[in-house]
Amino acid sequence: KDGWQQEEYPETDIFNLPFSKKKDADGNDVIIHLAGAHGEIHAQVWEVLVGRTPLILLDTNLAENSPDVREITARLYTAELHMRLAQEVLLGIGGLRALEALGIFPTVCHLNEGHCTFANIERVRQLMAHHALSLDMAFEVLPRSTVFTTHTPVAAGHDEFPPSMVRPYLEPFAKTFNTSVDRLLALGQAEPGLPETPFSMFVLGLRTSLYINGVSECHGQVARRMWSHFWPTRTDDETPITHITNGIHIPTMLSPEMKRLFERYLGPQWNMGSQVPENAVRIDHIFDEELWQVHEMCRSRLIRMARKLMHQQYSRRNAPVGMMQTVESVLDQDTLTIAFARRFATYKRAHLLFQDIERLEAIVNSKDRPVQFIFAGKAHPRDNEGKGIIRSLVEFSRRANLRHRLVFLEDYDMHMARFLVQGADVWLNTPRRPMEACGTSGMKAALNGVPNVSILDGWWCEGYRPELGWRIGNGEEYTDHSYQDTIESEALYNVIENEIAPLYYDRRHGGIPLEWLKMMKASMKMAVSHFCCLRMMKEYRDRFYQPAIRSFEDLTANGGAKAEELGLQRRRYLEKWHDIHVSSPVFAEKGPFRVNQTVEVTAVVKTGDFQPEELNVELYYGKMWNFDRIGIPYVKMMYVKDMLAPGIYLYSCRMPCHDSGNYGFSARVTPNADTWTRHHPMLLTWA
611 KDGWQQEEYP ETDIFNLPFS KKKDADGNDV IIHLAGAHGE IHAQVWEVLV
661 GRTPLILLDT NLAENSPDVR EITARLYTAE LHMRLAQEVL LGIGGLRALE
711 ALGIFPTVCH LNEGHCTFAN IERVRQLMAH HALSLDMAFE VLPRSTVFTT
761 HTPVAAGHDE FPPSMVRPYL EPFAKTFNTS VDRLLALGQA EPGLPETPFS
811 MFVLGLRTSL YINGVSECHG QVARRMWSHF WPTRTDDETP ITHITNGIHI
861 PTMLSPEMKR LFERYLGPQW NMGSQVPENA VRIDHIFDEE LWQVHEMCRS
911 RLIRMARKLM HQQYSRRNAP VGMMQTVESV LDQDTLTIAF ARRFATYKRA
961 HLLFQDIERL EAIVNSKDRP VQFIFAGKAH PRDNEGKGII RSLVEFSRRA
1011 NLRHRLVFLE DYDMHMARFL VQGADVWLNT PRRPMEACGT SGMKAALNGV
1061 PNVSILDGWW CEGYRPELGW RIGNGEEYTD HSYQDTIESE ALYNVIENEI
1111 APLYYDRRHG GIPLEWLKMM KASMKMAVSH FCCLRMMKEY RDRFYQPAIR
1161 SFEDLTANGG AKAEELGLQR RRYLEKWHDI HVSSPVFAEK GPFRVNQTVE
1211 VTAVVKTGDF QPEELNVELY YGKMWNFDRI GIPYVKMMYV KDMLAPGIYL
1261 YSCRMPCHDS GNYGFSARVT PNADTWTRHH PMLLTWA
């Protein structure tokens, strides 16, 4: 009643759900076993078919487990550190063992977030057992066939555990590998030389994966900055973390009415997104009147659903009859409807709209251009700040001047989300930049012709264009959060009052908002072309999966001969790299130089025990942005011009002067090796 979120954990009767126990060849239940902190953990393997895709689930609620172990799979969100570690061990190690028990041996493993990175330790064991590889050979195969995707743009959001807590889980592996526990612990420690450095699940993934990515272009940049200290000799831009922007599944999120429009105007391949570029063009062929009629049907369904849910919410609280009657008439069918629905984390700032209540009331109650808001979402069970935001939002929704046009819907789930992304007029997103990794709800809304108004963060940095939505601010980042909230809430009010509402209520042409419909179509074209899951999966396939598959096959063939060769090569580089030296580059002629002129640059390199063909010598140059920073860097390969003495070579290249201004430049040496070896933080020497 006071607006404070309450959690319920209903019992799940799995025997009345489409789950099935996996059986072995003899018809026995498949049960996996792994070492726990205080004895063995046993887990039943279940399967759920999601369409044609098997989803494997693990259950520790077995009689042979102790009461504590049975609780490992009882609840997803747990605050207790020992239990959380046990869950992540079960997910990573147990997950791979479940696949092994089912006869599935992955060529490539894709780890989503750090929670499951213990899988890489188990995978080393399986590589040794099933491919007869040595430990060193397995550690060469592992990263080159592992994809690691991070979804968290905040360092504090990644789980860390005391080494003493992790040690019991790693001791059996150390014994199997005939190595020390400290060597395995070091894989997850930011500073392995300090014994009490916490064991980070993210660092474990970082140290054992070649293909690492964030989930949007902006998130990739944030991740490179955040983790650049692991590659101290590289610039932030060259930190080996890339990005593949998330995408949405078109058939799942498109409204039934919009599907029928797509079938008629886009043809039988309407659901193929970026695979059929003509689809985006065909969206323009949809008649405005038809599109608006479909959208009004979706909005009407959303408002009916909201009224029904509000009635249920108030019924549960035994609200008086008068209040129940009021609830049944909340929201208007023809009023501009803005929706905000997501997890109520503090950085998502659901409260941004409420910084100036008088201004908000004026917007909501405008005589000519009224606006109504639908909020929905949940806070993490341990996030009291998020729960506090929900409470304050509920309190605001009960104010006399707001309650008819501002509602909060409880128990947010995927079913409710579909109504919202399909029926809202505008989708609101207000994260505190740069804390949004991607966010996909706005993509789902855009697919249904719902324009976005959002902070420039996550996917919106790539998606935003003036003809298909609105931005709040210009992508600024602030250290004073209170000041930021004031500035950006004012910007939000201004956008709603001066841009969104006037465009929506412009009905001069036959009673429908023609300019608004142009924006709807532009949003749909953007979502179909650039933010569908087929585009995302193609990127993962082409950039990560296929190279990783080739690497796995090459490195495990012939008893792992190639893996052994690469391991010996990498160790040789590491042992001898300290002998590499490169001089500061010099110009062959005096400046200044003219635009488009090329000038010869040379540098002297001491190669130590290496031959020139084992090294890459590069000129790193570009226009200076300030005294000590190159703005947009260019890299040009340098080649041997002369041997000055045994092990001392003069390297040369020609540097083009692309633009006028002050240029900075340096020379550097890296191994002429594969990507995993080249990316080693110790194998780069600057002049």
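Residue numbers (this note's numbering): 611 to 1297. C-beta: ideal position from N, C-alpha, C; glycine also.
In the assembly as shown, LYS977 is an exposed residue. Its beta-carbon has fewer than 16 other beta-carbons within 10 Å. Annotation for TYR1114: no beta strand (DSSP E) segment contains it, though the alpha helix (DSSP H) segment containing it runs 1111 to 1114.
In terms of Cβ geometry, ASN1039 and LEU864 do not form a close pair [threshold 8 Å].
Inclusion of PHE1029 and LYS988 in the CB contact set at 8 Å is not warranted, their separation being larger than that value. Going by DSSP, HIS1268 is part of no beta strand (DSSP E) at all; its letter is neither H nor E.
Under the criterion of beta carbons closer than 8 Å, TYR1183 and GLY1232 do not qualify as touching, at roughly 27 Å. Remark: C-beta atoms of ILE1065 and ALA1034 do not approach each other more closely than 8 Å. Annotated three-state conformation of TRP614 is coil, per DSSP. In the structure shown, TYR1249 falls within a strand segment according to DSSP collapsed to helix, strand and coil. Shortest Cα-Cα distance from LEU667 to any of GLY705, HIS1268, VAL940 and PRO1202 involves GLY705. Around the CB of ASN928, fewer than 16 other CB atoms lie within 10 Å, so the residue is classed as exposed. Rounded to whole angstroms, the separation of the alpha carbons of MET693 and GLU770 is 13 Å. For the pair LEU1016 and HIS961, the CB atoms are not nearer than the 8 Å cut-off. Counting C-beta pairs with one atom in each stretch, the region 927 to 947 and the region 1108 to 1115 have three or more that are closer than 8 Å, which means they touch. When rounded, the separation of the alpha-carbon atoms in GLN879 and MET1134 is 16 Å. Take the alpha-carbon of PRO887 and the one of GLY1052: they are about 21 Å apart. Taken through DSSP and simplified to helix, strand or coil, VAL886 comes out as coil. According to the DSSP assignment, ILE860 belongs to the alpha helix (DSSP H) that extends over 860 to 863. Exclusion of the five residues before and after ARG1043 leaves ILE1065, LEU1066, ASP1067, GLY1085 and GLU1087 as the residues of its chain whose Cβ lies within less than 7 Å of its Cβ.
The C-beta distance from VAL718 to ALA1158 rounds to 4 Å, short enough to meet the 8 Å contact threshold. Under the three-state reduction of DSSP output, THR818 falls in the coil class, being neither helix nor strand. Its Cα nearest to that of LEU1229, the residue TYR1261 stands out among GLU867, ASN722, ASN1206 and TYR1261.
Burial check for THR845: the Cβ neighbour count within 10 Å stays below 16, so the residue is exposed.
The residue among PHE1197, VAL699 and ALA711 with its C-alpha nearest the C-alpha of THR727 is VAL699. In the displayed model, VAL655 falls within a strand according to three-state DSSP. Under the three-state reduction of DSSP output, GLU650 falls in the strand class. For GLU781, the closest of TRP841, ALA647 and CYS828 by C-alpha to C-alpha distance is ALA647. In this structure, LYS1246 places its C-beta atom within 8 Å of the C-beta atom of CYS1263. If you look at SER1007, you'll find it isn't in any beta strand (DSSP E); it sits in the alpha helix (DSSP H) that goes 994 to 1007. By the Cβ test, the region 1009 to 1023 is not in contact with the region 1088 to 1095, since fewer than three Cβ pairs between them sit closer than 8 Å. The criterion of a C-beta distance shorter than 8 Å is satisfied by GLY857 and MET1146. Around the beta carbon of ILE714, fewer than 16 other beta carbons sit within 10 angstroms, so the residue counts as exposed. A residue is called buried once 16 or more other Cβ atoms fall within 10 Å of its Cβ, and VAL1279 is buried on that count. GLY877 sits in coil when the DSSP states are folded into three classes, being neither helix nor strand. Per the coordinates, the alpha-carbon of PHE783 lies some 23 Å from the alpha-carbon of ASP678. Excluding residues up to 5 positions away in sequence, ILE1190, VAL1215, THR1217, VAL1279, THR1280, PRO1281 and ASN1282 lie with their Cβ nearer than 8 Å to the Cβ of LEU1225 in the same chain.
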